[in-house]
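Enquirer: Sequence lines, in order, name chains A and B. Each step along the first sequence adds one to the number in our numbering, with nothing skipped, and position 423 is 423. Each step along the second sequence adds one to the number in our numbering, with nothing skipped, and position 64 is 813.
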Amino acid sequence: MTGNPMLSRQPMTKPAGLSRRAILKAGAAGGGLLLGFRLPRMIAAEAADNAVFAPNAFIRIARDDKVTMIIPQVEMGQGTYTSMPMLIAEELEVDLAQVGLEDAPPDDRLYANPLLGLQATGGSTSVRAMWEPLRRAAAAARIMLIAAAARQWRVDPASCHAQNGEVIHVPTGRRAPYGVLVDIAAAFPVPTNVPLKSPNEFELIGKPVKRLDSPIKVWGEARFGIDAMVPGMLIATVAACPVPGGKLRGVDDSAAKKVAGVRQVVRLDDAVAVVADHMWAAKQGLAALDIDWDEGPNATLSTAEIVRQLDNASQHSGVVARKDGDAAEAIGHAATKIEAIYQMPYLAHATMEPMNCTVQMRPDGCDVWVGNQVVARAQAAAAEAAGLPPDKVRVHNHLLGGGFGRRLEVDYIAQAARIAKQVAAPVKVVWTREEDIQHDIVRPYYYDRLSAGLDEKGMPVAWTHRVTGSSVMARWLAAGFKDGLDPDAVDSAATDFPYAIPNMVVDYVRHEIPGIATGWWRGVGATHNVFMVESFIDELAAAAKRDPIEYRRGLLGKLPNSGAGIAAEAEVAWGGPNPQFARLARVLDLVTRKSGWGGKLPPGSGRGVSLQYAFGTYLSQVAQVAVSRDGVVRVERVVCAVDCGIPVNPDTIKAQISGGIVFGLTAALFSEITFENGRVQQSNFNDYRVLRIDEAPVVDVYLIKSMQPPGGIGEPGTAGAAPALTNAIFAATGKRIRKLPVKDQLRTL
Amino acid sequence: MPSLRVNGQTYELSVPDDMPLLWVLRDVVELTGTKFGCGIAQCGACTVHVDGRALRSCVLPVADLAGREITTIEAVGKTPNGQKVQQAWIDIDVVQCGYCQSGQIMSAAALLAANPKPSDAEIDAAMSGNICRCGTYPRIRAAIRQAGTFA
Numbered sequence: 001m002t003g004n005p006m007l008s009r010q011p012m013t014k015p016a017g018l019s020r021r022a023i024l025k026a027g028a029a030g031g032g033l034l035l036g037f038r039l040p041r042m043i044a045a046e047a048a049d050n051a052v053f054a055p056n057a058f059i060r061i062a063r064d065d066k067v068t069m070i071i072p073q074v075e076m077g078q079g080t081y082t083s084m085p086m087l088i089a090e091e092l093e094v095d096l097a098q099v100g101l102e103d104a105p106p107d108d109r110l111y112a113n114p115l116l117g118l119q120a121t122g123g124s125t126s127v128r129a130m131w132e133p134l135r136r137a138a139a140a141a142r143i144m145l146i147a148a149a150a151r152q153w154r155v156d157p158a159s160c161h162a163q164n165g166e167v168i169h170v171p172t173g174r175r176a177p178y179g180v181l182v183d184i185a186a187a188f189p190v191p192t193n194v195p196l197k198s199p200n201e202f203e204l205i206g207k208p209v210k211r212l213d214s215p216i217k218v219w220g221e222a223r224f225g226i227d228a229m230v231p232g233m234l235i236a237t238v239a240a241c242p243v244p245g246g247k248l249r250g251v252d253d254s255a256a257k258k259v260a261g262v263r264q265v266v267r268l269d270d271a272v273a274v275v276a277d278h279m280w281a282a283k284q285g286l287a288a289l290d291i292d293w294d295e296g297p298n299a300t301l302s303t304a305e306i307v308r309q310l311d312n313a314s315q316h317s318g319v320v321a322r323k324d325g326d327a328a329e330a331i332g333h334a335a336t337k338i339e340a341i342y343q344m345p346y347l348a349h350a351t352m353e354p355m356n357c358t359v360q361m362r363p364d365g366c367d368v369w370v371g372n373q374v375v376a377r378a379q380a381a382a383a384e385a386a387g388l389p390p391d392k393v394r395v396h397n398h399l400l401g402g403g404f405g406r407r408l409e410v411d412y413i414a415q416a417a418r419i420a421k422q423v424a425a426p427v428k429v430v431w432t433r434e435e436d437i438q439h440d441i442v443r444p445y446y447y448d449r450l451s452a453g454l455d456e457k458g459m460p461v462a463w464t465h466r467v468t469g470s471s472v473m474a475r476w477l478a479a480g481f482k483d484g485l486d487p488d489a490v491d492s493a494a495t496d497f498p499y500a501i502p503n504m505v506v507d508y509v510r511h512e513i514p515g516i517a518t519g520w521w522r523g524v525g526a527t528h529n530v531f532m533v534e535s536f537i538d539e540l541a542a543a544a545k546r547d548p549i550e551y552r553r554g555l556l557g558k559l560p561n562s563g564a565g566i567a568a569e570a571e572v573a574w575g576g577p578n579p580q581f582a583r584l585a586r587v588l589d590l591v592t593r594k595s596g597w598g599g600k601l602p603p604g605s606g607r608g609v610s611l612q613y614a615f616g617t618y619l620s621q622v623a624q625v626a627v628s629r630d631g632v633v634r635v636e637r638v639v640c641a642v643d644c645g646i647p648v649n650p651d652t653i654k655a656q657i658s659g660g661i662v663f664g665l666t667a668a669l670f671s672e673i674t675f676e677n678g679r680v681q682q683s684n685f686n687d688y689r690v691l692r693i694d695e696a697p698v699v700d701v702y703l704i705k706s707m708q709p710p711g712g713i714g715e716p717g718t719a720g721a722a723p724a725l726t727n728a729i730f731a732a733t734g735k736r737i738r739k740l741p742v743k744d745q746l747r748t749l
Numbered sequence: 750m751p752s753l754r755v756n757g758q759t760y761e762l763s764v765p766d767d768m769p770l771l772w773v774l775r776d777v778v779e780l781t782g783t784k785f786g787c788g789i790a791q792c793g794a795c796t797v798h799v800d801g802r803a804l805r806s807c808v809l810p811v812a813d814l815a816g817r818e819i820t821t822i823e824a825v826g827k828t829p830n831g832q833k834v835q836q837a838w839i840d841i842d843v844v845q846c847g848y849c850q851s852g853q854i855m856s857a858a859a860l861l862a863a864n865p866k867p868s869d870a871e872i873d874a875a876m877s878g879n880i881c882r883c884g885t886y887p888r889i890r891a892a893i894r895q896a897g898t899f900a
């Protein structure tokens, strides 16, 4: 603990506050494996002393039998600190409690996420990306340990097997714990052809396992980025120009400097920070500044103007993302034509832990304490701001108090490094909630046009969908933006579209609004397009006067009105016989049964369904709502059926789906970021509402047993929540919600 | 110079009288289990017990707390209700990111101290000041119900 001049303690005994050593002990009592992610540097040093067996980038085994997993995925609530070591423990044949965790260092070469191409945690990819590499890494280590034991005992490796962290010679019952084998094993070549267990041999995967990070989070001992403590550290809070793209012209800090505890006022080109002994002084100091902003070119930005621009842009055709058959021709001959415009607002992430970053700048390098989803980018951003080569920047990543895509950005890290460059002490920069909401990198505003042609029976023969919005991919991962097409913007609309419609065209109009940087938000492309597709399909079902579930089922697995040529083409696109359609049908059937679909409800109540294939997971949910006479929506219950392939940790999967649904409902009901005079109009949880427990539905999640490879689970629940809700509102009231959020749109009923 | 009783310890502080308890706990006493979420008593992440009542520390001036007994997440496990609630939270695996959970647990422990067997409506009413962005509400309800049934 640092000596703190603001504090004298009586009596002079140890405070209840935990010293670093005490935290260590408490952690060990609750499961020693938790140490690794609380104090990565300490464990790293220990592992380096002791680890002699390092067969790959992920596994270290020491002479004392301790297994350390070098984990590239960060923990932001989605359960990676449990599911990732489960994959290792399964093939390494060790108890899960034997695996300690150490955060992977920034290294895009060793630790890139195979599905994303860089060291990133996001897109519901962790289990999907690491499912095979981690099990193969563990299996290779196990084979080498068995070979080491067999050599020592001069027996055939085939007569040995591994179990519970030991190699056993079956005929004689001789045993050797891994620790005594590591020196010999390290000399063996790493096997390249490594067989894996078949799913029916799994002993750990598929069993509900308690989260390893639960106890420290329950005891208040978990360290998030905002809890970083560095000796001599000061606290800063910051105000960036309220208009994006604006600059600091000048600031009168005379009143701020009189606030007790304020040490320094730091000027950046686009922001001012007040550095103080504690956050209260920093906040008081910030409020006392008289700041003169040069608001720059975006000072007249308004939501009304943005929507007008998007509407204009959406009237011209875009880059074609998918074309099956001839949609224009088929709509021309259709019995009925239906058109609609759907809109989704800008969204902030509002992670419970506001943006923060602690930086200690030294002449020869710097240290960064932060919670972030892209550690190598965090390092690069701090290095660039500090004017240092990246290898001089040490990043100490922490638990994330929510990510949801916000911490796939490094803006707050670069800013903290720029501030720290001007401060002679380590400085923790903490954004206020107002700063966090007003300077988010928001989810794009989408303005989509959909149309369909129906045959005499009301079934779609043609479907068009034009997506209009800014491109996240072009800004965040330029290599993923090809030929004018953002694949994320059309995901679940062009790709992963769940229905068989013979004539289809999906096109994409990129329209950027100067000054507004847009980013990933939980559910990414699917959260956008599952709302669009599932709302519009519901409109078609209503036009056809068909039950929404029955109608959807009719679009699975067969191609209505298909000519021979079209059928063949579609079969190729869907990969021949369609397991996807069968799995979609299964989740739809299960949710129908479990939700009491079709059962009678009181007036003003209704059920709505959504169906999706996203992140490699099949999911259908039914929301049940009651809408009061004055237009207040109450979501009473959500029932969800999920086929995510082999479930690694079923209990966490249910929690993620359930939480993801609540997250999606919050956005659908309340959330929007709007601009006026270039400024974000929302500021805190009073005007950027989050669903509260007394407004939260009962959520029931049912998993379908599957032997397919795992799908993602962090985001699918969020994606389908909005359309299930708005389709239920339609069932209850006859009002179709085509623009989110719902807010008070029903007040006029 | 305000003095403060936190988790059974007395602290003599040299901080401004109007400094909210939250920042005293986090930045001066260095008890970081109590979290900053909004600064305006809208989210509940900063909930502590003051003489057993759940209050939002982000809006409690430290000078008003002289002679009051403050309990934070770091010590609530030493109270019978805190212990029951923490155990139920672990049994049911409530947490996801975990950032709001200190505040949730403090609110739940105060609820059970006042009302050992709350109904679902009473749970919702008592917990509605605590936001969870991960959406753990269904498990929070289940954990409080379970904690309420412990002997």
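Just so you know, even glycine gets a beta-carbon here, dropped at the ideal spot from N, CA and C.
Does the ligand NAP have even one heavy atom less than 6 Å from the beta-carbon of A:P498?
Expert: Judged by which ligands are present, the structure shown has none, so any question about the ligand NAP falls away.
Enquirer: Can you tell which of A:R466, A:Q621 and A:S595 has the C-alpha that lies nearest to the C-alpha of A:A722?
Expert: Sequence index remark: in the first sequence, residue 722 of chain A carries index 722 (1-based). It is A:Q621.
Enquirer: Pair every Cβ in the region 854-866 of chain B with every Cβ in the region 817-834 of chain B, then say whether three or more of these pairs are closer than 8 Å.
Expert: Contact between the region 854-866 of chain B and the region 817-834 of chain B is present, because at least three Cβ pairs lie under 8 Å.
Enquirer: Under a three-way DSSP split, which group does A:L87 fall into?
Expert: Position 87 of the first sequence, counted from the start, is the residue given in the question as residue 87 of chain A. Residue state, collapsed to three classes: helix.
Enquirer: For the beta strand (DSSP E) holding A:Y447, just list the boundary residues, first then last.
Expert: As a working mapping, residue 447 of chain A is identified with position 447 in the first sequence. Counting along the chain, the beta strand (DSSP E) containing A:Y447 begins and ends at Y446 to L454.
Enquirer: Hey, A:Y447 and A:G469 are a contact pair by Cβ (cut 8 Å); roughly how many whole angstroms apart?
Expert: Taking the first residue of the first sequence as position 1, residue 447 of chain A is located at position 447. Taking the first residue of the first sequence as position 1, residue 469 of chain A is located at position 469. That belief holds up - the Cβ atoms of A:Y447 and A:G469 are roughly 7 Å apart, short of 8 Å.
Enquirer: Label B:H798 either buried or exposed according to how many other C-beta atoms from any shown protein chain fall within 10 Å of its C-beta, with 16 as the threshold for buried.
Expert: For the purposes of this step, residue 798 of chain B is identified with residue 49 of the second sequence, where counting begins at 1. By the neighbour-count rule (16 or more Cβ atoms within 10 Å), B:H798 is buried.
Enquirer: Between the Cα of A:K705 and those of A:T617, A:N684, A:A724 and A:V635, spot the shortest distance and give me the residue it belongs to.
Expert: Looking up residue 705 of chain A in the first sequence gives position 705. Measuring from the Cα of A:K705, the nearest candidate turns out to be A:T617.
Enquirer: Which same chain residues, not among the five before or five after A:R747, have their C-beta less than 8 Å away from its C-beta?
Expert: The sequence position of residue 747 of chain A within the first sequence is 747, counting from 1. Hits under 8 Å: D630 and G631.
Enquirer: Relative to the alpha-carbon of A:E295, which residue among A:A330, A:Q309, A:V243 and A:K258 has its alpha-carbon at the smallest distance?
Expert: Mapped onto the first sequence, residue 295 of chain A falls at position 295. Comparing Cα positions, the closest option is A:V243.
Enquirer: Kindly indicate which residue of A:D64, A:L115 and A:S314 has the alpha-carbon position closest to the one of A:G712.
Expert: Position 712 of the first sequence, counted from the first residue, corresponds to residue 712 of chain A. Comparing Cα positions, the closest option is A:L115.
Enquirer: Just mark A:R128 as buried or exposed, buried being the case when its beta carbon has 16 or more other beta carbons within 10 Å.
Expert: For the purposes of this step, residue 128 of chain A is taken as residue 128 along the first sequence, with counting starting at 1. Buried, since its Cβ has 16 or more Cβ neighbours within 10 Å.
Enquirer: Going by other Cβ atoms of all chains shown within 10 Å of its Cβ, with 16 needed for buried, is A:T750 buried or exposed?
Expert: Nothing can be reported for residue 750 of chain A: it is not among the residues displayed for chain A, which extend from 1 to 749.
Enquirer: Sort out for me which residues DSSP pairs A:Y178 with in a bridge.
Expert: Position 178 of the first sequence, counted from the first residue, corresponds to residue 178 of chain A. DSSP lists no partner for A:Y178.
Enquirer: Answer with yes or no whether the minimum CB distance from A:H398 to chain B is below 7 Å.
Expert: Stepping through the first sequence from its first residue, residue 398 of chain A is reached at position 398. A:H398 does not count as touching chain B.
Enquirer: Counting only Cβ pairs nearer than 7 Å, list the residues of chain A close to B:A794.
Expert: As a first step, residue 794 of chain B must be located in the second sequence, where it is residue number 45. Going along chain A in sequence order, the residues near B:A794 (Cβ under 7 Å) are M352.
Enquirer: Let's test the definition: count the other Cβ atoms within 10 Å of the Cβ of A:S628 and tell me whether it reaches 16, buried, or not, exposed.
Expert: For this step, residue 628 of chain A is matched to residue 628 along the first sequence. Classification for A:S628: exposed.
Enquirer: So is B:S856 in contact with chain A if we call contact Cβ pairs under 7 Å?
Expert: Residue mapping note: residue 856 of chain B aligns to position 107 of the second sequence, counting from 1. False, the Cβ-Cβ gap to chain A never drops below 7 Å.
Enquirer: Expressed to the nearest angstrom, what Euclidean distance is found between the alpha-carbon atoms of A:G206 and A:S595?
Expert: In the first sequence, counting from the first residue as 1, residue 206 of chain A sits at position 206. In the first sequence, counting from the first residue as 1, residue 595 of chain A sits at position 595. Whole-angstrom Cα-Cα distance: 25 Å.
Enquirer: Would you mind telling me which residues of chain B sit closer than 8 Å to A:E221, beta carbon to beta carbon, in chain order?
Expert: Your numbering for residue 221 of chain A matches position 221 in the first sequence. Chain B residues near A:E221: G782 and E823.
Enquirer: What is the residue span of the beta strand (DSSP E) that A:L611 lies within?
Expert: Along the first sequence, one-based indexing puts residue 611 of chain A at 611. It spans S605 to A614 - the beta strand (DSSP E) in which A:L611 sits, taken as one unbroken run.
Enquirer: Less than 7 Å between CB atoms is the rule here; does B:R805 satisfy it with respect to chain A?
Expert: Here residue 805 of chain B refers to the residue found at position 56 of the second sequence. So no, B:R805 is outside the interface.
Enquirer: So, is A:R154 buried or exposed, given that buried needs 16 or more other C-beta atoms within 10 angstroms?
Expert: As a first step, residue 154 of chain A must be located in the first sequence, where it is residue number 154. Under this definition A:R154 is an exposed residue.
Enquirer: Return helix, strand or coil for A:M755, following the three-state DSSP convention.
Expert: What is shown of chain A runs 1 to 749, which leaves residue 755 of chain A out entirely.
Enquirer: Please confirm whether A:V509 and A:G318 have their CB atoms less than 7 Å apart.
Expert: Numbered from 1 along the first sequence, position 509 holds the residue referred to as residue 509 of chain A. Numbered from 1 along the first sequence, position 318 holds the residue referred to as residue 318 of chain A. Yes, Cβ-Cβ distance for A:V509 and A:G318 is below 7 Å.
Enquirer: Counting beta carbon pairs with one atom in the region 736-743 of chain A and one in the region 639-646 of chain A, are three or more of them shorter than 8 Å?
Expert: Verdict: no, contact absent.
Enquirer: Counting only beta-carbon atoms, is A:V218 nearer than 7 Å to chain B?
Expert: Counting from one through the first sequence, the residue named residue 218 of chain A turns up at place 218. Yes, A:V218 counts as interfacial toward chain B.
Enquirer: My parser needs the alpha helix (DSSP H) runs of 4 or more residues fully inside the region 244-274 of chain A; what are they?
Expert: Whole alpha helix (DSSP H) segments, 4+ residues: 254-257.
Enquirer: Does the beta-carbon of B:N756 have 16 or more other beta-carbons within 10 angstroms, so that it is buried, or is it exposed?
Expert: Translated into positions along the second sequence, residue 756 of chain B becomes position 7. So B:N756 ends up on the buried side.
Enquirer: Taking Cβ positions only, does B:P810 come closer than 7 Å to chain A?
Expert: Within the second sequence, numbered from 1, the residue matching residue 810 of chain B stands at position 61. It does not; no Cβ of chain A falls within 7 Å.
Enquirer: Between the region 696-717 of chain A and chain B, which residues of the former have CB atoms less than 7 Å from a CB of the latter, in chain order?
Expert: If the cut-off is 7 Å between Cβ atoms, the region 696-717 of chain A has A696, V698 and V699 near chain B.
Enquirer: If I measure Cβ to Cβ from A:A614 and keep anything under 7 Å in the same chain, skipping five residues before and after, which residues do I get?
Expert: For the purposes of this step, residue 614 of chain A is identified with residue 614 of the first sequence, where counting begins at 1. Result list for A:A614: S492, D496, A526, V530, P716 and A719, in chain order.
Enquirer: For my contact list, A:M84 and A:I71 are in at a C-beta cut-off of 8 Å; report their separation, rounded to the angstrom.
Expert: In the first sequence, residue 84 of chain A corresponds to position 84, counting from 1. In the first sequence, residue 71 of chain A corresponds to position 71, counting from 1. 5 Å between Cβ atoms; contact.
Enquirer: Given this structure, state the Cα-to-Cα distance separating A:A186 from B:L804, to the nearest angstrom.
Expert: Walking along the first sequence from the start, residue 186 of chain A turns up at place 186. Walking along the second sequence from the start, residue 804 of chain B turns up at place 55. When rounded, the distance between both Cα atoms is 56 Å.
Enquirer: Measuring straight from C-alpha to C-alpha, what distance separates A:Q682 and A:Y688?
Expert: Translated into positions along the first sequence, residue 682 of chain A becomes position 682. Translated into positions along the first sequence, residue 688 of chain A becomes position 688. In a straight line, the C-alpha of A:Q682 is about 6 Å away from that of A:Y688.
Enquirer: Check whether the Cβ of B:P751 lies closer than 7 Å to any Cβ atom in chain A.
Expert: Here residue 751 of chain B refers to the residue found at position 2 of the second sequence. Taking Cβ atoms only, chain A never reaches closer than 7 Å to B:P751, which makes this a no.
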